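All remarks here apply to the structure that follows.
Protein chains in written order, with my numbering: chain F, 5 to 717; chain X, 5 to 717.
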């Protein structure tokens with residue numbers, strides 16, 4: 005680490021406007037901070053052109069003078085950091101953290117009690133992060149933020165890839181529109197969800213992906229959301245200014261803090277090449293280093309599960325239809341009549357264990373194994389699950405022993421039904437139960453309205469809960485994959501046992517009526533900016549009515565697109581979500597899911613345009629093997645891939661899983677072609693992707709034996 | 005147990021009004037149930053005169069048809085129970101549970117989905133209890149009660165002893181007024197409190213004590229408040245009808261239930277002799293029997309504490325003034341400058357242990373022993389205490405060992421600052437820490453606004469919490485004395501480790517400006533109907549400015565009154581609240597506190613008039629010793645005590661601790677006289693009590709030796 009520290013003391017009083025500037029290490033980004041009539045502002049230029057116009061900074065406090073104006077003096081300090089660090093798992097083996105820093109210490113006047121507010125800016129080559137810091141001081145001990153007033157002033161009516169701002173769900177299809185069109189499109193963007201609370205006709209969520217008319221890509225998000233309210237953005241669509249809009253607690257307050265403390269980082273990733281947005285590591289870099297000492301138990305996992313059959317309605321989470329209301333500890337399941345559709349039976353689970361073992365999967369997830377699913381949803385039921393009591397037809401010990409014998413790990417499922425107090429009350433017992441029975445990873449769920457009522461999924465109170473569950477899991481050496489929890493903000497750097505989140509519209513929506521075919525070309529630019537997603541790809545049977553005659557959903561994707569997701573949707577946790585019997589029909593395509601790696605030496609973003617296409621190549625950690633994925637939007641498109649990332653002088657076997665020429669996500673989704681060719685550093689590929697299609701390539705270093713009989717690309 | 009079961013099936017359709025009656029075992033109370041135009045009603049007569057006029061019964065449901073009207077048929081069943089049971093501790097060794105029961109099963113019409121509601125009435129000789137019961141049924145699984153509509157229609161403009169209805173505090177001075185005067189007096193009745201939420205200008209709390217103009221005493225309360233919202237009463241002061249008013253959850257809903265379930269019992273104690281109100285065991289009888297198998301660890305305790313010195317402002321809970329805000333686990337107390345006023349120092353605590361050991365006390369309570377008191381209050385601080393980390397000047401292990409050596413038990417203190425989630429998160433660790441260090445009882449506290457904000461102290465959500473903390477304590481064999489928690493409703497029958505509650509204006513208010521001199525003549529008729537109170541009597545120094553020159557409070561009580569409280573304010577947990585040095589000045593009076601028992605064979609209520617006076621005699625369990633207490637209201641009064649409760653043919657030494665002739669709670673509070681005389685079954689005592697005064701008598705069986713030289717009364 006090279007570290008350069010300069011200290012500038014500017015004691016500037018009675019100037020109308022004065023400022024401070026700092027550039028990125030490569031000089032392309034220039035951040036300007038200024039104090040304008042006592043109000044702090046910042047602006048950001050890229051390659052000499054404005055990307056963020058002068059934007060106000062500040063916070064409204066409850067029952068106290070605001071941190072918005074009345075700033076009369078400031079000091080500033082410069083710093084520069086250039087270091088590299090190694091994540092426990094990730095898109096690359098080592099990550100460079102290279103930025104220049106500007107720490108502005110602002111002092112308020114007497115009517116604002118002479119208080120001090122710090123704003124810390126970090127300017128990277130690919131964007132900036134900044135946050136507010138509240139030093140310990142006499143006139144600021146405990147305080148309540150009633151709103152954060154951070155602006156992001158746009159330079160024009162950009163194109164945005166957005167979902168409605170909402171305190172309770174992120175599970176929307178993305179809209180692509182001009183900023184000026186958001187208000188008009190909002191009603192159709194707010195599709196039904198089991199828990200949702202929108203707040204403004206121009207409110208949108210982060211990470212927000214933007215593109216200017218002159219081809220600048222801008223991404224707005226946050227990093228290190230710890231014990232603070234989740235940030236949304238509200239657009240002033242007359243002036244094209246976004247302003248932070250925090251998720252409230254039950255009584256409408258936004259954040260409770262005490263000094264010393266800091267806010268999360270507000271991040272702006274900027275480039276004129278969309279691929280740089282995907283390659284940015286700003287979100288991780290702005291988080292604290294790993295706090296878990298022994299990480300030997302944290303490892304990527306590929307898994308299957310007893311899940312898709314319930315999602316599609318082929319089977320059920322519940323065991324019986326006997327009870328309109330279940331009382332845990334009282335209701336006697338041993339005498340209940342089974343409904344005959346329960347998915348998590350010992351027999352079915354053992355079948356899955358067999359399949360996992362046969363095909364080299366690490367784990368099997370089982371949902372609906374524990375009692376309480378008869379009335380778990382929509383009933384504001386406090387004591388809804390106990391997380392330790394299996395249904396009569398699920399032999400927990402038997403399954404445990406069988407899985408162990410087969411070398412497969414069971415993955416625990418903790419649906420909380422958003423009865424959060426109940427979950428916290430049972431957390432120690434539930435985690436201990438996992439350890440006692442050999443479960444090392446848990447999928448947790450927060451479906452439905454938060455209990456206690458009045459609170460929201462993304463409030464400070466709940467953000468604190470997800471973190472509590474995560475840190476406690478680390479104590480038990482348990483990996484967490486939290487669904488319906490707040491979207492990630494790079495916290496997996498600090499707590500790498502957070503191996504995935506849902507926090508967006510995942511594959512399940514393909515069985516709830518379908519998602520847009522280009523959905524997966526947007527997610528890496530939005531949801532994945534904060535961390536990996538348990539997207540649960542790998543659906544081979546697109547016609548859901550074949551699983552459940554009452555469900556007419558269609559999976560808007562080709563099989564080749566489904567395979568590509570294992571590369572394009574980075575996650576150390578990857579599910580093969582479809583039923584074993586569907587894979588058995590397409591074992592040649594399934595081979596890619598079996599082969600693809602989970603952890604990467606490096607990642608290259610070959611092609612990218614949000615909403616339209618992206619192609620990523622990744623080198624498997626500790627090997628010379630590469631995997632390439634391409635996902636394509638609504639229209640067919642031909643990719644041009646250059647294999648110059650391969651090692652000089654080496655030959656590789658590339659297995660290309662591509663859409664057939666007449667493939668189409670809706671009309672011909674299962675039409676794929678697989679070909680095996682030799683590639684080297686000089687190879688080039690021109691490859692067609694169908695609408696909602698894509699391709700996946702495995703590139704394995706060859707030897708004479710294995711290359712024999714193969715043609716060059 | 006004698007049990008008589010009769011089953012009456014009344015299938016009455018298409019009658020305008022029809023009813024069912026049931027009398028108390030002694031025939032003096034008559035309950036009438038009727039269905040009037042599809043609406044259930046009840047009325048209650050005492051000795052042939054109405055005490056409750058026809059009153060509506062029912063519940064409003066959210067988003068569902070109400071349980072208020074549309075009842076078309078009912079069945080009823082009679083039952084009778086006469087049993088006795090032995091409490092683990094109590095006012096008497098054995099309690100008779102003798103009632104006639106009427107179970108009404110009501111059926112609604114088609115527009116109300118043919119649902120069934122049960123109302124169960126139990127009629128005792130001294131009052132009634134009734135509750136709603138929701139049987140399991142097809143059209144009623146999970147439901148939300150938006151309001152309970154239980155009426156108590158008064159027969160006139162009675163006199164009431166009331167405190168303002170409030171969702172967050174019970175710590176008010178009692179008002180005595182006509183019902184018609186409540187509205188006008190409400191503003192002055194709502195005195196300042198650190199957390200308070202009143203809801204109506206005619207809203208009052210239970211237990212509510214009433215007296216009719218023709219001398220009938222009526223007490224309204226509830227029993228077995230489990231997982232339900234606390235009931236207040238709202239008065240329609242035109243028609244003199246009280247109606248139940250439940251405490252809301254954060255979102256305004258009152259109760260979440262599922263069938264099968266029951267509400268708490270609504271109780272009406274009735275007599276023309278105020279003493280019967282005190283003698284009533286209805287509240288306990290309506291609770292479930294003891295659920296704790298091994299109760300060997302539950303035992304009454306007399307204790308002193310490091311507490312009054314902080315309450316008066318003589319010393320402090322906090323250790324340092326260095327930190328405007330404390331961050332547990334980060335803030336370094338080892339280097340902080342002590343403020344020099346910390347009460348919970350090792351030295352001071354050891355002094356208290358010495359005093360406790362010397363005078364035969366069971367325990368020593370220490371408040372302010374754990375870090376976090378610097379910013380604990382009013383800051384909406386989530387992680388406010390960890391319940392296990394002592395201040396640097398409190399040697400926990402040293403104190404523990406010293407106490408053990410001296411044969412004294414330490415009593416733990418868990419102030420939660422109403423950060424309830426934080427307490428639940430630490431509960432297991434905190435309880436285990438207690439067991440590891442020999443603490444078997446905890447005083448818990450819920451000062452300030454409930455976190456999460458929006459919730460109230462007495463909502464279903466919080467009631468569930470107090471019960472959770474109590475039941476978990478039972479698992480650890482820990483006794484609980486919860487302050488600022490919901491007022492008790494006889495739950496100590498079921499969980500006898502609930503050895504006391506505060507839940508009313510206790511002695512501390514004498515150091516916060518003072519309470520009314522007759523306060524203690526009201527509490528046994530109101531707060532104590534639900535269970536014992538940790539009132540913390542025993543103040544000998546009434547002039548608080550002698551402890552803290554900045555505090556001009558005066559304890560509105562004489563020393564004799566303070567002694568009497570150990571008898572009149574029944575509790576298995578009794579504190580001697582004053583400082584050891586104050587007791588050392590009045591060791592002859594202090595002797596009564598040392599002698600008085602904590603657990604009773606039987607209790608006799610010799611004289612009683614709420615707000616004016618009461619005299620109680622109790623026989624110590626397992627002995628022939630009696631203790632008598634009298635507390636008196638605002639004016640001096642002479643009691644006439646008949647000792648006919650003593651054993652035939654035996655002589656006893658009575659030590660009478662009485663007000664001196666010129667004693668007065670304000671002018672001459674420390675003037676008392678002690679005399680020792682011989683009493684027997686035929687003795688009579690005429691004894692003056694000063695304003696705010698009283699007397700206490702210990703009656704010990706004598707023998708020739710001990711009686712020598714004493715005069716007969």
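Each residue gets a CB set at the ideal place from its N, CA and C atoms; glycine is no exception. Just so it is clear, the structure is predicted and the values come from calculations on it, not from any experiment.
Worksheet item: DSSP three-state call for residue 402(X): helix, strand or coil?
Response: helix
Fill in: Spatially closest choice to residue 531(F) from 465(F), 167(F) and 141(F), by CA coordinates
167(F)
Worksheet entry | Alpha-carbon spacing of residue 208(F) relative to residue 224(F), whole angstroms | So the alpha carbons of these two residues sit roughly 11 Å apart.
Worksheet item: Which first and last residues belong to the beta strand (DSSP E) in which residue 186(X) is found?
Response: Unbroken run through residue 186(X) is the alpha helix (DSSP H), 186–193; no beta strand (DSSP E).
Worksheet item: residue 649(X) bridges to which residues according to DSSP?
Response: Note: residue 649(X) sits in no beta bridge, so no partner.
Worksheet entry | For residue 38(X) and residue 32(X), the rounded distance between their alpha carbons | One C-alpha to the other measures close to 20 Å.
Item to complete: Return the CA-CA distance between residue 185(X) and residue 202(X), expressed in angstroms with no decimal places.
Response: 17 Å
Fill in: Extent of the continuous beta strand (DSSP E) run through residue 504(F)
In this chain, the beta strand (DSSP E) harbouring residue 504(F) covers 502–505.
Item to complete: Give the single residue among 290(X), 53(X), 47(X) and 257(X) whose Cα lies nearest to the Cα of residue 493(X).
Response: 290(X)
Discussion item. Just to confirm before moving on: does the CB-CB distance between residue 59(F) and residue 134(F) stay below 7 Å?
Written reply: no
Worksheet item: Since residue 425(F) is in the alpha helix (DSSP H), which residue starts that stretch and which ends it?
Response: 424–440
Worksheet item: By the 10 Å Cβ neighbour count, where 16 or more other Cβ atoms means buried, how is residue 3(F) classified, buried or exposed?
Response: The shown model of chain F, from 5 to 717, leaves out residue 3(F), and the question about it has no answer.
Worksheet entry | Within 7 Å, strictly: CB atoms of residue 372(X) and residue 555(X) | no
Item to complete: Compute the distance between the beta-carbons of residue 138(X) and residue 248(X), then report whether it is under 7 Å.
Response: no
Worksheet item: Is the Cβ-Cβ distance between residue 392(F) and residue 376(F) less than 7 Å?
Response: no
Worksheet entry | Contact list for residue 397(X) against chain F, beta-carbon separation under 9 Å | Ordered by position in chain F, no residue passes the 9 Å Cβ test against residue 397(X), which lies about 23 Å from the chain.
Discussion item. According to DSSP, is residue 728(X) part of a helix, a strand, or is it coil?
Written reply: An answer regarding residue 728(X) cannot be provided, because it is not within the stretch 5 to 717 covered by chain X.
Worksheet item: residue 418(F) CB to nearest chain X CB: under 7 Å?
Response: no
Item to complete: Could you tell me the distance, in whole angstroms, from the CA atom of residue 361(X) to the CA atom of residue 306(X)?
Response: 12 Å
Discussion item. Could you tell me the alpha carbon to alpha carbon distance between residue 447(X) and residue 333(X), rounded to whole angstroms?
Written reply: 24 Å
Worksheet item: How would you list, in chain order, the residues of chain X whose beta-carbon sits under 9 Å from the beta-carbon of residue 146(F)?
Response: 328, 329, 379, 382, 383, 384 and 385
Worksheet item: By the 10 Å Cβ neighbour count, where 16 or more other Cβ atoms means buried, how is residue 582(X) classified, buried or exposed?
Response: Flag for residue 582(X) reads buried.
Discussion item. Measuring alpha carbon to alpha carbon, tell me which residue in 459(F), 385(F) and 355(F) is nearest residue 258(F).
Written reply: Ranking the options by Cα distance to residue 258(F), first place goes to 459(F).
Discussion item. Assuming contact is defined by CB atoms lying nearer than 7 Å, are residue 614(F) and residue 526(F) in contact in what I supplied?
Written reply: yes
Discussion item. Taking the beta carbon of residue 378(X) as the centre, do at least 16 other beta carbons fall within 10 Å, making it buried, or is it exposed?
Written reply: buried
Worksheet entry | Contacts that residue 672(X) makes with chain F (C-beta to C-beta distance below 9 Å) | Those do not exist, as residue 672(X) stays about 46 Å from chain F at its closest Cβ, beyond 9 Å.
Worksheet entry | Whole-number beta carbon distance between residue 438(X) and residue 482(X), since they are thought to touch under 8 Å | 6 Å
Item to complete: Run down chain X in chain order and give the residues with a C-beta less than 7 Å from the C-beta of residue 456(F).
Response: 253, 254, 456, 459 and 465
Worksheet item: Quick one: what's got a C-beta closer than 8 Å to residue 237(F)'s C-beta in the same chain, skipping five residues either side?
Response: Answer for residue 237(F): 156, 169, 207, 208, 209, 210, 212, 224, 246, 247, 248 and 249, listed in chain order.
Worksheet item: Is the shortest distance between the beta-carbon of residue 262(X) and the beta-carbons of chain F less than 7 Å?
Response: yes
Worksheet item: What's the C-alpha gap between residue 648(F) and residue 580(F)?
Response: 31 Å
Worksheet item: Around the C-beta of residue 711(F), are 16 or more other C-beta atoms found within 10 angstroms, so that it is buried, or is it exposed?
Response: exposed
Discussion item. In the DSSP assignment, the beta strand (DSSP E) including residue 459(F) goes from what residue to what residue?
Written reply: Neither: residue 459(F) is in no beta strand (DSSP E) and is coded neither H nor E.
Worksheet item: Along the chain, where does the alpha helix (DSSP H) that runs through residue 594(F) open and close?
Response: 591–599
Worksheet entry | First through last residue of the alpha helix (DSSP H) which encompasses residue 279(F) | 278–283
Item to complete: Could you tell me if residue 433(X) is buried or exposed, where buried requires 16 or more neighbouring beta carbons within 10 angstroms of its beta carbon?
Response: So residue 433(X) ends up on the exposed side.
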